[in-house]
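**Q**
In this note's numbering, the protein residues as written are 300 to 1036.
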């Protein structure tokens, strides 16, 4: 058959193929042009491969791996450095000593964390720089240890490159300073630059990561160190501060006795913490290590590495129940035997009790909170529980009334987290039902807020050998119902006094306000409005919030600079509320005087994308996050704005977002400036916007509030819940684009 009549696969530009139809008649004699084309030699193409290691140097992929947006990469670096330093030091001494320092200069800020561990050997450094594989001693084991991301160091190396920083990362240990830089060549391949020079450090390790200046807020490192100190009573943590802040080192000293201990990464794990999938992962991780040059462990050696199975008699009894398996490599031919092995190990060992997870004493929590905020009253409760699957848990809750503005610390397995690990869990106590720990504390008046002058502080610490995280940032947990009940009981006990006093405090405030109103009427003097006062003092408050260093600051920080100035000028008893100031008065001032340099709005909600079950593309609704958000035109053509975060779980479970290609915005009580900015940034097109709220005039109004500038767009649609729950009817409709 002539070549012109043969069927050929035609490669389309998009990568697909199609078949050309066979001719139905004899071909005509080829023209000169056809002859030229068919006689040309075929191009021999080379198949190239781009290593996936480049993902560690890409901003978008790093956001996916760390579970944090790019503007929170500074927090990622500080947390990972502290996690790694504590783990390394615990391997060498029962008294870890960790220091943290920031050094600004040349448009960068250099974050250095130092430990007193055994020191990172040159061989380990070389392994960490091998981007072809993940290096971790925790990823396949089930124990209550920190981290478990499995590629944390590679993200630390990739973050500076992804943010445009060319200065290398530094590692000092064993008398060697390693200068390590990573970049991408024009073909997208990772290029590692590694040089070594002698240094004076022979004890421990010091790691320095360069980041763009301004990526880390001035108070963030100290807050992270404080939170780690709260759940590590055996460690000394030193905050060397910011050289430009004028503050010296802050030190958190250990309070635990010498015999105190917590589970370590080197401790044997229990077979009762594994299911079949988890044990399969561990067994074949050993097999893969053997294939790469490591030892092929005998089955008895492997069994001896588990808690309660270290004796030779028990190991012999277990191996006898798994015939045909002498070494772990034998499981390649009989992978079904892993289930038999798991059953045998459970049969010959006892399930660990919650006491094996360790604990942090009440006195330590009180000392840390007192050092940070000044404690006036303190309450504490601890719950130990075995869940229905036999997994042990320890729940610790510490609450304090403080002398200075406080904060809430969340921690899992002796490591501070990015936020509330139970934010999506409903907690039901005796008199309180709320979504998440922060919501529960807020209803009990145990969470710092404007009503208590922020004079509250709390620590919530969960310990579990098998934490089930739903996000890659290792923060959001899924917990069994019986564990959620125990958490609610601990919170109820620790907040009982504050909750009991709440109504009395509210009544006293109400009496004071009424007395002030009567006094105002009696004097009949002209009274300035809150808006008048705020407009008068905003410039002064901005200077205070910005400081001499000109650092960025949040609208909430600005509120706390405005508050004492305003209360000195307002009539006694006049309410000065943050949502009115931050959501209406400050934007009104900016419309009249121009944007405030350095001001940003903290996240007060989340944009959930459809067809994103793991929430990897969730966008927190802060002005910085929204500024960098680029809506994907193909992702959704509807947006549902939910006033209350608590309505999101049933909508998520019903998969309404996926069904209608609809993005969902969840707010924390009212629509924020960032939320309005995001709606205004939607691309041109047929995008419908709906609002689901409870018609509360103090919530998220569909129309501008009186006196609001028309430049602030109202939410264009409103939907009110009917008696059946989430099903709703539109009040009016509108379209953007």
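Heads up, the beta-carbon is just placed ideally off N, CA and C, and yes, glycines get one too.
Residue 746 to residue 672, Cα distance in whole Å?
**A** Within the chain shown, the letter at position 447 stands for residue 746. Within the chain shown, the letter at position 373 stands for residue 672. For residue 746 and residue 672, the distance between alpha carbons rounds to 14 Å.
**Q** Quick check: what's the CA-CA separation for residue 635 versus residue 378?
**A** Locating residue 635 in the chain shown gives position 336, where the first residue counts as 1. Locating residue 378 in the chain shown gives position 79, where the first residue counts as 1. Spanning the two alpha carbons is a distance of roughly 40 Å.
**Q** Ignore the nearest five residues each way along the sequence and tell me which others in residue 337's own chain have a CB closer than 6 Å to its CB.
**A** Along the chain shown, one-based indexing puts residue 337 at 38. Bear in mind that the predicted position of residue 337 carries a pLDDT of just 47, short of 50, making it unreliable; the figure below should be weighed with that in mind. Contacts found: none.
**Q** Quick check: what's the CA-CA separation for residue 625 versus residue 641?
**A** As a first step, residue 625 must be located in the chain shown, where it is residue number 326. As a first step, residue 641 must be located in the chain shown, where it is residue number 342. If you take the alpha carbons of residue 625 and residue 641, they lie about 15 Å apart.
**Q** Counting C-beta neighbours from all protein chains within 10 Å, is the total for residue 386 16 or more, i.e. buried, or is it exposed?
**A** Here residue 386 corresponds to residue number 87 of the chain shown, with the count starting at 1. Counting C-beta atoms within 10 angstroms of its own C-beta, residue 386 has 16 or more neighbours from the protein chains shown and is therefore classed as buried.
**Q** So residue 644 is in the alpha helix (DSSP H); what residue range does that whole segment cover?
**A** If you number the chain shown from 1, residue 644 lands on position 345. It spans 636-646 - the alpha helix (DSSP H) in which residue 644 sits, taken as one unbroken run.
**Q** Can you give the Cα-Cα distance for residue 724 and residue 517, rounded to whole angstroms?
**A** Position 425 of the chain shown, counted from the first residue, corresponds to residue 724. Position 218 of the chain shown, counted from the first residue, corresponds to residue 517. The alpha-carbon atoms of residue 724 and residue 517 are separated by roughly 32 Å.
**Q** What's the gap between the Cα of residue 778 and the Cα of residue 581?
**A** Counting from one through the chain shown, the residue named residue 778 turns up at place 479. Counting from one through the chain shown, the residue named residue 581 turns up at place 282. Roughly 23 Å separates the two Cα atoms.
**Q** Where DSSP assigns a beta bridge to residue 573, which residues make up the other side?
**A** In the chain shown, counting from the first residue as 1, residue 573 sits at position 274. For residue 573, which the question treats as bridged, DSSP gives no partner whatsoever.
**Q** What number of angstroms, rounded off, separates the C-alpha of residue 427 from the C-alpha of residue 452?
**A** In the chain shown, the residue the question calls residue 427 occupies position 128. In the chain shown, the residue the question calls residue 452 occupies position 153. Those two C-alpha atoms are separated by around 7 Å.
**Q** Restricting to Cα atoms, I'd like to know which of 429, 650 and 539 is closest to residue 397.
**A** Here the question's residue 397 lines up with position 98 in the chain shown. Checking every option, the nearest Cα to that of residue 397 belongs to 539.
**Q** Beta carbon of residue 561, beta carbon of residue 657: below 8 Å?
**A** The residue you call residue 561 lines up with position 262 of the chain shown. The residue you call residue 657 lines up with position 358 of the chain shown. It is a contact, given that the beta carbons lie within the stated cut-off.
**Q** Please classify residue 441 as buried or exposed, where buried requires at least 16 neighbouring CB atoms within 10 angstroms.
**A** Locating residue 441 in the chain shown gives position 142, counting from the first residue. It counts as buried.
**Q** Within 10 Å of its beta-carbon, does residue 662 have 16 or more other beta-carbons around it, so buried, or fewer, so exposed?
**A** Walking along the chain shown from the start, residue 662 turns up at place 363. Burial is judged here by how many other beta carbons sit within 10 angstroms of a residue's own beta carbon; residue 662 has fewer than 16 and is exposed.
**Q** What is the residue span of the beta strand (DSSP E) that residue 753 lies within?
**A** Within the chain shown, the letter at position 454 stands for residue 753. Residue 753 -> no beta strand (DSSP E), and no H or E assigned at all.
**Q** Keeping to the same chain, check which residues put their C-beta closer than 8 Å to that of residue 856; ignore five residues upstream and five downstream.
**A** The sequence position of residue 856 within the chain shown is 557, counting from 1. These residues qualify, in order along the chain: 844.
**Q** I need the DSSP call for residue 729, collapsed to helix, strand or coil.
**A** For this step, residue 729 is matched to residue 430 along the chain shown. When DSSP states are grouped into helix, strand and coil, residue 729 belongs to the coil group.
**Q** Among 631, 786 and 654, which residue has its Cα nearest to the Cα of residue 679?
**A** By one-based count along the chain shown, residue 679 stands at place 380. With distances taken between Cα atoms, residue 679 lies closest to 786.
**Q** Does residue 522 come out as helix, strand or coil in the three-state DSSP assignment?
**A** On the chain shown, position 223 is the one that residue 522 refers to. Looking at residue 522 - three-state DSSP - the assignment turns out to be helix.
**Q** Report, in whole angstroms, the separation of the C-beta atoms of residue 700 and residue 789, which I expect to be a contact under 8 Å.
**A** Counting from one through the chain shown, the residue named residue 700 turns up at place 401. Counting from one through the chain shown, the residue named residue 789 turns up at place 490. About 18 Å; that fails the 8 Å criterion.
**Q** Does DSSP put residue 423 in a helix, a strand or coil?
**A** Reading the chain shown from its first residue, position 124 is the one you call residue 423. Look at residue 423 here: in three-state DSSP terms it is helix.
**Q** Which of the three DSSP states is assigned to residue 328 in this structure?
**A** Translated into the one-based positions of the chain shown, residue 328 becomes position 29. Its pLDDT being 49, under 50, residue 328 is placed unreliably by the model, and the measurement read from it follows with that caveat. In this structure, residue 328 counts as coil in the three-state DSSP scheme.
**Q** Output yes or no for whether 8 Å exceeds the beta carbon distance between residue 721 and residue 685.
**A** In the chain shown, counting from the first residue as 1, residue 721 sits at position 422. In the chain shown, counting from the first residue as 1, residue 685 sits at position 386. Their beta carbons are not under 8 Å apart, which means residue 721 does not touch residue 685 by this criterion.
**Q** Determine the contact status of residue 535 and residue 445, defining contact as a CB-CB distance below 8 Å.
**A** Counting from 1 along the chain shown, the entry for residue 535 is found at position 236. Counting from 1 along the chain shown, the entry for residue 445 is found at position 146. It is not a contact, given that the beta carbons lie outside the stated cut-off.
**Q** Using only alpha-carbon positions, find the residue among 574, 708, 611 and 668 that is nearest to residue 688.
**A** Taking the first residue of the chain shown as 1, we reach residue 688 at position 389. Ranking the options by Cα distance to residue 688, first place goes to 574.
**Q** For residue 408, is the classification buried or exposed, using 16 other Cβ atoms within 10 angstroms of its Cβ as the cut-off for buried?
**A** Counting from 1 along the chain shown, the entry for residue 408 is found at position 109. So residue 408 counts as buried.
**Q** Out of 354, 990, 739 and 926, point me to the one whose CA is closest to residue 947's CA.
**A** Against the chain shown, residue 947 aligns to sequence position 648. Selected option, being the one with the closest Cα: 990.
**Q** Are the beta-carbon atoms belonging to residue 457 and residue 381 less than 8 Å from one another?
**A** Counting from 1 along the chain shown, the entry for residue 457 is found at position 158. Counting from 1 along the chain shown, the entry for residue 381 is found at position 82. It is not a contact, given that the beta carbons lie outside the stated cut-off.
**Q** Closer than 8 Å is the cut-off here; do at least three beta carbon pairs connect the segment 948-960 with the segment 893-909?
**A** yes
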